[in-house]
Structures are given as structure tokens and as C-alpha cells.
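Peer 1: What follows is a single structure, and I will ask about it in a moment.
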Amino acid sequence: MGDVKIGQIRLAKVEEDRGSLCYAEEGTHLPFLVKRIYYIYNVPTESERGAHAHRNLEQVLIAVNGSFDIEIDDGYRKETIHLNEPSVGLYIGKMHWRRLFNFSESAICLVLASLIYEEKDYIRNYYDFAREMHGKN
Ligand code: T46
Numbered sequence: 487m488g489d490v491k492i493g494q495i496r497l498a499k500v501e502e503d504r505g506s507l508c509y510a511e512e513g514t515h516l517p518f519l520v521k522r523i524y525y526i527y528n529v530p531t532e533s534e535r536g537a538h539a540h541r542n543l544e545q546v547l548i549a550v551n552g553s554f555d556i557e558i559d560d561g562y563r564k565e566t567i568h569l570n571e572p573s574v575g576l577y578i579g580k581m582h583w584r585r586l587f588n589f590s591e592s593a594i595c596l597v598l599a600s601l602i603y604e605e606k607d608y609i610r611n612y613y614d615f616a617r618e619m620h621g622k623n
């Protein structure tokens, strides 16, 4: 990958006979302060989400139920990560093209985001993304 980052985040997990609890705190588990959360669910198995990059947004994606795949493209190479564990998140730094697919039945993707929603932050055209990554006009 280039100089911008992705990486696995391990949340803290408390497992008891009465059930399990995971948590994440800024500084210890999360590299940013969370300004927004959203979650994606009811995704038909054949559907895809994402297919865009963010100029400034950082996010952590967590499969809090079920599983899905995320293809990450930093403009140089692609990597596919499978998420299926509620105590594991995928940190995605700015300027990564992401595509979510292969959702299992009842999958829920929880997203912790560093910024409030702003459409201007999105790059929704792959050609524009590649041009910005490779510094061409
Ligand atoms: C990402 C992947 C993993 C809002 O109004 N506020 C929000 O916070 C969000 C996330 C979306 N929206 C609206 C914008 C669209 O009209 O909800 C609609 C669906 O959004 P979008 O097509 O961007 O959804 P996905 O699942 O393709 O992408 C989302 C996030 O937008 C994106 O940041 O990384 O999930």
C-alpha cells in the first residue's frame, strides 16, 4: 500500500456467561475522535456498497453481525479483507477506494467516522480518484 493507511483494530472485549460486550475508546483503540456513526444492514447478498473514496474522512468498519468483504484500492494495488468478528474493526484512512460486497444474511456493518457527512469529501468516480492519487490534472 502507499503512504496512506489501512489496518486492523482490535476492540476491547468483555466475555461473560451473560453475554459479550466490545468497546473502543479514542486514543487506546481508535486513532480519531468519532463524530458520526452509521450502519449498513439488510443488504441483499448480490448487492455492493461503497465504490468511492474519501479525501479526508477516516473510518473504522466493524461486522457487528454476520460477515462481508471489503476491497481496498490505494491507487497502486488492491487488497480484500474479510470481516466477520464483532471485536475486530478495519481502519481505513483517507484516499482509499473501497467496495463492500459478499454480505452474509443479516450482516450489519457498523461504521465509526471521524467527520460528519459531507458529500464534497466523496470521490465517486474512479478515474478522478486515480488522477488525484497519482497527482495528475
Ligand atoms: C463508506 C461506506 C462503507 C447520509 O445522508 N449521511 C451519512 O452519514 C451517510 C453515510 C449517507 N447518507 C446518505 C447519502 C446517500 O443518499 O445515504 C445515502 C446512501 O449513502 P452511500 O450511497 O454513500 O452509501 P454506501 O453504503 O455506498 O457508502 C457508505 C458511506 O457513504 C461511505 O462513507 O465508506 O458506506
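In this note's numbering, the protein residues as written are 487 to 623.
By construction, the Cβ of each residue, glycine as well, lies at the ideal position given by its N, Cα and C atoms.
1. Among residues of its own chain, excluding the 5 on either side of N588, which ones have a beta-carbon nearer than 7 Å to its beta-carbon?
2. What does the alpha-carbon distance come out to for the pair L586 and H568?
3. Roughly how many angstroms lie between the CA atoms of R610 and W583, to the nearest whole one?
4. Measuring from the CB of L540, is there a heavy atom of the ligand T46 at a distance below 7 Å?
5. Between L576 and I492, how many whole angstroms is the CB-CB distance? I'm expecting something under 8 Å.
6. Roughly how many whole angstroms lie between the Cα atoms of K606 and E571?
7. Between L547 and I578, is the Cβ-Cβ spacing less than 8 Å?
8. For E604, tell me which candidate among L543, E501, E502 and K580 has the shortest Cα-Cα distance.
9. What does DSSP give as the partner residues of R585 in its beta bridges?
10. Let me check you understand the geometry: is the CB of R535 closer than 7 Å to at least one non-hydrogen atom of the ligand T46?
11. Closer than 7 Å: is that where the CB of F612 sits relative to any heavy atom of the ligand T46?
12. To the nearest angstrom, report how far apart E565 and L497 are at their CA atoms.
13. Can you check whether the CB of I495 is closer than 8 Å to the CB of L516?
14. Using only the alpha-carbon positions, how far apart do E557 and E502 sit?
Peer 2: The answer reads as follows:
1. Along the sequence shown, read from residue 1 onward, the residue named residue 588 stands at position 102. Taken in chain order, the residues that qualify are F554 and D555.
2. What you label residue 586 is simply residue 100 of the sequence shown in a count that begins at 1. What you label residue 568 is simply residue 82 of the sequence shown in a count that begins at 1. Those two C-alpha atoms are separated by around 10 Å.
3. Numbered from 1 along the sequence shown, position 124 holds the residue referred to as residue 610. Numbered from 1 along the sequence shown, position 97 holds the residue referred to as residue 583. Taking the straight line from one Cα to the other gives about 9 Å.
4. In the sequence shown, residue 540 corresponds to position 54, counting from 1. The displayed chain sequence assigns His, not Leu, to residue 540. H540 Cβ: within cutoff of the ligand T46.
5. Against the sequence shown, residue 576 aligns to sequence position 90. Against the sequence shown, residue 492 aligns to sequence position 6. Confirmed, about 7 Å.
6. Counting from 1 along the sequence shown, the entry for residue 606 is found at position 120. Counting from 1 along the sequence shown, the entry for residue 571 is found at position 85. So the two alpha carbons sit approximately 32 Å from each other.
7. Translated into positions along the sequence shown, residue 547 becomes position 61. Translated into positions along the sequence shown, residue 578 becomes position 92. Yes. Within cutoff.
8. Position 118 of the sequence shown, counted from the start, is the residue given in the question as residue 604. It is L543 whose Cα lies nearest to the Cα of E604.
9. The residue labelled residue 585 in the question sits at position 99 within the sequence shown. Answer is G536 and E557, bridged to R585.
10. Residue mapping note: residue 535 aligns to position 49 of the sequence shown, counting from 1. Indeed, a heavy atom of the ligand T46 lies less than 7 Å from the Cβ.
11. Residue mapping note: residue 612 aligns to position 126 of the sequence shown, counting from 1. Looking at the sequence shown, residue 612 is not Phe but Tyr. No, the Cβ of Y612 stays beyond 7 Å of every heavy atom of the ligand T46.
12. What you label residue 565 is simply residue 79 of the sequence shown in a count that begins at 1. What you label residue 497 is simply residue 11 of the sequence shown in a count that begins at 1. Distance between the alpha carbons of E565 and L497: 22 Å.
13. Residue numbering aside, residue 516 sits at position 30 when the sequence shown is read from its first letter. Residue numbering aside, residue 495 sits at position 9 when the sequence shown is read from its first letter. Result yes, Cβ atoms of L516 and I495 sit closer than 8 Å.
14. Here residue 557 corresponds to residue number 71 of the sequence shown, with the count starting at 1. Here residue 502 corresponds to residue number 16 of the sequence shown, with the count starting at 1. About 34 Å.
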